[in-house]
Structures are given as structure tokens and as C-alpha cells.
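Each step along the sequence shown adds one to the number in the numbering used here, with nothing skipped, and position 40 is 52.
No residue lacks a Cβ here, since even glycine has one placed at the ideal position from N, Cα and C.
Heads up: the structure comes next, in C-alpha cells.
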Amino acid sequence: MSNQQIITRFAPSPTGMLHIGSARTALFNWLYARHTGGKFLLRIEDTDKARSTQPAIDAIITSMKWLGLDWDDEIVYQSHRAERHAEVALQLLADGKAYHCYETPEELLQKREAAKAEGKVYKYDRKWRDAKEKPPAGVKPSIRVKAPLEGETIIRDQVQGTVTIKNSELDDMVLLRSDGTPTYMLAVVVDDHDMAVTHIIRGDDHLTNSARQMIIYEAMGWQLPIFAHIPLIHGPDGAKLSKRHGALGVQEYEKMGYLPEALCNYLLKLGWSHGDDEIISQDQAIKWFDLSGINKAPARLDFDKMKNLNGHYIREADDERLVEMIVPILNKKCGEISPAVKEKLKKAMHSLKERAKTILELAESAEFYVMRPAVDEKMEDEKIKGILPILEKITNWTHKEIEVKIKEFLTANNLKPGAVFPGLRTMLTGSHSSAGGIFEIMEILGREESLKRLSNT
Ligand code: GLU
Numbered sequence: 013m014s015n016q017q018i019i020t021r022f023a024p025s026p027t028g029m030l031h032i033g034s035a036r037t038a039l040f041n042w043l044y045a046r047h048t049g050g051k052f053l054l055r056i057e058d059t060d061k062a063r064s065t066q067p068a069i070d071a072i073i074t075s076m077k078w079l080g081l082d083w084d085d086e087i088v089y090q091s092h093r094a095e096r097h098a099e100v101a102l103q104l105l106a107d108g109k110a111y112h113c114y115e116t117p118e119e120l121l122q123k124r125e126a127a128k129a130e131g132k133v134y135k136y137d138r139k140w141r142d143a144k145e146k147p148p149a150g151v152k153p154s155i156r157v158k159a160p161l162e163g164e165t166i167i168r169d170q171v172q173g174t175v176t177i178k179n180s181e182l183d184d185m186v187l188l189r190s191d192g193t194p195t196y197m198l199a200v201v202v203d204d205h206d207m208a209v210t211h212i213i214r215g216d217d218h219l220t221n222s223a224r225q226m227i228i229y230e231a232m233g234w235q236l237p238i239f240a241h242i243p244l245i246h247g248p249d250g251a252k253l254s255k256r257h258g259a260l261g262v263q264e265y266e267k268m269g270y271l272p273e274a275l276c277n278y279l280l281k282l283g284w285s286h287g288d289d290e291i292i293s294q295d296q297a298i299k300w301f302d303l304s305g306i307n308k309a310p311a312r313l314d315f316d317k318m319k320n321l322n323g324h325y326i327r328e329a330d331d332e333r334l335v336e337m338i339v340p341i342l343n344k345k346c347g348e349i350s351p352a353v354k355e356k357l358k359k360a361m362h363s364l365k366e367r368a369k370t371i372l373e374l375a376e377s378a379e380f381y382v383m384r385p386a387v388d389e390k391m392e393d394e395k396i397k398g399i400l401p402i403l404e405k406i407t408n409w410t411h412k413e414i415e416v417k418i419k420e421f422l423t424a425n426n427l428k429p430g431a432v433f434p435g436l437r438t439m440l441t442g443s444h445s446s447a448g449g450i451f452e453i454m455e456i457l458g459r460e461e462s463l464k465r466l467s468n469t
């Protein structure tokens, strides 16, 4: 396989939002393909008609695009390939590697319940594998694979190492149902083979599926792909990640104000490491990503860490891009923003972004440029009030000029900055702790607006 182009794939079932665990699987497959100069394919596993929905397909595509995980070639829809899946089942039947099973749904139910009553997991008893009896009339058969009865199946996994599964644990799974529809297990193998997938990187909840899928590869005489089963993501408490831990869908993170590059960096680090590096750009990730760096232990989500990383990427982000991101949020809250205010936001962004950890926080910190804050505090202090006439005299309204004049005033009146600035800041921004230097805030707000706010008129 050494000179072969590496082909990875992401194969989500469209039954809900794109889960962040799945997004991490997609990211790893994407990085491995980009790292090796291979291909990354997207296959929508929509064979389960009852559970697959168009909104879920849309959510997957939108989330992938938002994360910047571009795929090669056309999207493959598994449901469109049912005929091909059936063809393989029939070929296995013709080759004696599979057989017709005439078990009726009633029989199956009975056997299942009997197993349950005994506290056992139901496993098909292979009644029709070598049956001599005549098939019952009027029963449409399913097609089952002849799984090996003895020995072991060995998965040489790139993450888990050598995993041995006793063949006695595997059953003769159904390939084609009696209504002619393929099972998931068959569809996955046929698609991965036809798409020439060389590496299957997926959650370790699929490990036993791999052993079962290997039976089909074997029976068809197809070359096995390389498997890498990655540990699942756990919640901060170490339990399997679930809704009670917080947001699970990629789009929820977008709504909460995460940048895609921050989420990608976080998900990458959650399950893969490169020394002690925490901040890894997309280019670096492509350069460094390898299967050997994938951790074997399940990773725990740490929302504080995620937020801090997001703060880092916000500080790194282009100011104009950030303005475009906060404008819709501010529009909603404060009414349509004028081009003049947007210009103010652009000027202020370099300081606003210093502190915000999410885009929502960033929008909130920018609100005072859009709306005059409600301030109870008046500049009661006569000395502070004395600043107003000084500011009114300034014609060249720049932060430098404002600073010079205010500092002159402080010196002349023997005042410490701490006696004046918190009050000024609150009058101007509604808070003691707003982002940005006070002189710059005044320059950006403009002379008229600043004076209005300071005189509380
Ligand atoms: N469709 C499967 C899932 O969403 C993934 C199958 C695979 O990666 O092989 O869990």
C-alpha cells in the first residue's frame, strides 16, 4: 500500500445535529488526508429511512463548511447505492459465502424473547446455514453471511493496537433483508471498498463492527483498509458525553460565539497531541498530524479550556471579520447599526477583542459604542465636573490631545488618575471595567457623543 494515495472518509448518519465527537472524527480524517496529500471523502449514511432527515443532512454539510473541513469529490449518498449493495450480497450467495435464511419475523421474535428470558444476548442459531430442509412456502428469505465458526479475527488497529475477537462471538449477520434492502454492515463495507478508502478512522464504538465487517472483506477477497479507532469524548466528570454536560452540536458552538478555528484546535487537542503544544494552527496541524499521535485514553471535555482557546483565536482574528460577526448580534439587540457606528466598531475592535472569550461577549463589550449606556452615576464630584469645560475646548479630538489635556487638569488640581478615571469610564461606557483605553474610547465615540455622555444630557 506504500505508494497508494491515502483515502479517508467521514461517514455520518444524518439523524440529528453534527455531534462534536463526530466533528472530531471528521477533523482527524480530513487532517490525515491533507497531511498525506490524499483524499477526504464525505459519505452520508442515510440507509435508515426512518431516522435520516434532510435537515440533519443540511446540518452536517453546514457544520463541515463552517469548520473548514472541505471534502473531495461529490458527496456519496449511501441510499443511492442500494442496488450495488444487493449485487454484492447476491455475489456472496452465488459464491457460497452467504446463504438464504427463511426465518420468519415471528420466529425471530420468539427466539429473541427466549434469549432475553434466559438473560442471554440473542444470536442467530444458523438454522438455515446448512439446512437440508425445504424452504417454507411464501417466506421471502434474507441473505446472511457465513461467518467463520472457529478461530479469531485480529484487528491491527493504529490506535488500539492488536485487538483479538473470538470468531465464536461473531454471528452470521444479515447482509440483505428479506425486503431486498441492504443492512448497514453490508453498505459500509461495499461503499468503503468502492470508494477505495484506505484508512478508516472512526470512534471506538465501532470496533466490534470492524471485526464483523472484516468477514465481508474476507469473503469478497477485498483488501482490508487500515483501521484507527479513536476513543470517544467524555464529559468533564468522566462519564460518556451527553446532553447534560452541555452543548453537543457543532452549530450550538457557533451560536455560543466560538470561532471554527478555535473549535478545531480544541477538538484536535482532545485526543491527539504534539508534545506540549496547545495552540496549533491549521497549517501546523496539517504538517504534524499523524495517527501515532492519537491518544488511547478517552479525552474529557473542559469548557474553560475551550473558552480560553477561543479567546486566543479571537485576539488573533482579523478586526473586520470580528466586526462582521458582531454586527448581526448587535442589530438584533440594538436595532440596525449605521455605517458610522460600524466604522467606530472597526476602530475599537483591536482593544475590544483583547478580553472577549466568545463572540457573544465581544458583541456585549461593544454595545456601548452602539447605544448610550444607562448610567445612574452622575459626575457629582466638582473636580471631575471640571474636566468637561476642558474637553469642550478641544478642537482636535484625538486620544493624544484628550490625554494631554486631562493629564494637565489632573496635575493642576493635584488629582490622582484613580480619582477621576473610573467615574469617567462609567459615564462613557456604563461600566468600570469596559475594554479599551479611556482616551481612545472618547476619540472613537466622538467629541459630541462623549460630551453628551459626560454631561449626562
Ligand atoms: N454512520 C456511522 C455513524 O455515524 C459511522 C460509520 C463509520 O464510520 O464506519 O456512527
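Asked: Burial state of Arg-21 (16 or more Cβ within 10 Å); Found: buried
Asked: Residue burial classification, Ile-291 (beta-carbon count within 10 angstroms, cutoff 16); Found: exposed
Asked: Buried/exposed call for His-97, threshold 16 Cβ in 10 Å; Found: buried
Asked: Straight-line gap, Asn-221 to Ile-371 (C-alpha atoms, nearest Å); Found: 41 angstroms
Asked: Residue from Leu-374, Ala-309, Asp-330 whose Cα sits closest to the Cα of Pro-340; Found: Leu-374
Asked: Heavy atom of the ligand GLU within 6 angstroms of Ser-25 beta-carbon; Found: yes
Asked: DSSP-derived helix/strand/coil call for Pro-194; Found: strand
Asked: Environment of Glu-57 [buried if 16+ CB atoms lie within 10 Å]; Found: buried
Asked: Given 8 angstroms, three or more beta-carbon pairs between the segment 155–165 and the segment 71–86; Found: no
Asked: Coarse secondary structure for Ile-72, derived from DSSP in three states; Found: helix
Asked: Straight-line Cα distance separating Ala-329 from Met-13; Found: Because Met-13 carries a pLDDT of 49, less than 50, the predicted location of this residue cannot be relied on, and no value is offered for it.
Asked: Ser-304 versus Gly-173 - alpha carbon distance; Found: 11 angstroms
Asked: Option in Leu-313, Gly-430, Pro-272 with minimal Cα separation from Met-337; Found: Pro-272
Asked: Counted within 10 angstroms of its Cβ, other Cβ atoms place Thr-59 as buried (16 or more) or exposed; Found: buried
Asked: Alpha carbon of Asp-183 to alpha carbon of Val-209, nearest angstrom; Found: 25 angstroms
Asked: Paired residues, beta bridge with Tyr-111 - DSSP; Found: Arg-156
Asked: Through-space distance from Val-335 to Ile-479, alpha-carbon basis; Found: The requested residue 479 does not occur in the structure, where the chain is confined to residues 13 to 469.
Asked: Rounded separation between Ser-34 and Glu-366 - CA only; Found: 31 angstroms
Asked: Nearest-angstrom beta carbon gap, Asn-425 and Gly-398 [assumed within contact, 8 angstroms]; Found: 7 angstroms
Asked: Element boundaries [alpha helix (DSSP H), containing Ala-240]; Found: Premise fails: Ala-240 lies in the beta strand (DSSP E), 238–242, not in any alpha helix (DSSP H).
Asked: Cβ-based burial, Leu-121 [other Cβ within 10 Å; buried from 16]; Found: exposed
Asked: Cβ pair Val-353, Val-202 closer than 7 angstroms; Found: no
Asked: beta-carbon Glu-57 near the ligand GLU non-hydrogen atom, thresh 6 angstroms; Found: yes
Asked: Neighbourhood of Ala-309 by C-beta distance below 8 angstroms, restricted to the same chain and skipping five residues each side; Found: Pro-243
Asked: Residue nearest to Lys-299 in terms of C-alpha spacing, selected from Glu-125, Pro-24, Ala-45; Found: Ala-45
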